[in-house]
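Student:
In our numbering, the protein residues as written are 88 to 197.
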């Protein structure tokens, strides 16, 4: 990580690599949850979780590689991920409301 003690730098490097591997495994598991569902809400939460984990991965890489521009990319990714989840939620709520109104019309017409 720079000009510190060599053993400490190696320990930090090992912790960062272990964290990246753990996050990669968790990211794959979230992708599986997003694919198999079973409900739309599960998929939306999974996509949100994947976005958060990608942000953490980028933040760890920022510290590991000592590249400041990656922090800016992380912030931009956070905004895009937030907007994507909001849009998905709005679309889901619109479809849910439409389905609910359709069911109410069918029940009231009988």
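Even glycine gets a Cβ: it sits at the ideal position worked out from N, Cα and C.
#1: Using the C-alpha atoms, what's the distance from residue 161 back to residue 146?
#2: Can you tell me whether DSSP reads residue 92 as helix, strand or coil?
#3: Does the beta-carbon of residue 171, which I'm using as the reference point, lie nearer than 8 Å to any heavy atom of the ligand FAD?
#4: Could you spell out the range, first to last residue, of the alpha helix (DSSP H) harbouring residue 130?
#5: Just to confirm my understanding: we take residue 110, look at its own chain, exclude 5 residues before and 5 after, and list those with CB closer than 7 Å. What are they?
Tutor: Checking against the coordinates, here is how it stands:
#1: 7 Å
#2: coil
#3: The ligand FAD is absent from the structure shown, which contains no ligand whatsoever.
#4: 127-152
#5: 140, 143, 144
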